[in-house]
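A short worksheet on the structure shown next.
In UniProt numbering, the protein residues as written are 1 to 157.
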């Protein structure tokens, strides 16, 4: 009985130790800058960003301009992500598209914000022929409340 109790505790501890870890490949994609180099590319990527947000968010759009795509939320205690996408011009004529995702659940977000960020960036960089395609919703597991900086503030990716 005592040995089975110890074994059960080890299994639970092992499950807890992996919760919230992010695959290094996902982290690399999620944190890589998303910089477009021409007006036509930036406009296409911005349209793709809009398409991704509207097809992945459980919240309605609260703002949609040439420089901001923002959903409502997050609602108290909900695991669903809210999104804030920004488009910032750089001095060299390029623009950077920023990504931030947040939820308000102590159980973590669904999908994981890092995986959502990686999926977003891969979709935005994708081929122009599928810019109007509606991607399937993510089903990634929980893994933290939001994408945050070391200071605890939401981090733009």
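All C-beta atoms in this analysis are idealised placements derived from N, C-alpha and C, irrespective of residue type, glycine included.
The alpha-carbon of residue 21 is positioned some 33 Å away from that of residue 37. About 4 Å separates the beta carbon of residue 59 from that of residue 73, a gap short enough to meet the 8 Å contact definition.
Of the residues 100, 89, 94, 85, the one whose Cα lies closest to the Cα of residue 50 is 85.
Comparing alpha-carbon positions, the option among 27, 29, 33 lying closest to residue 94 turns out to be 33. One Cα belongs to residue 89, the other to residue 99, and the distance between them is close to 15 Å. Comparing alpha-carbon positions, the option among 42, 69, 40, 41 lying closest to residue 54 turns out to be 69.
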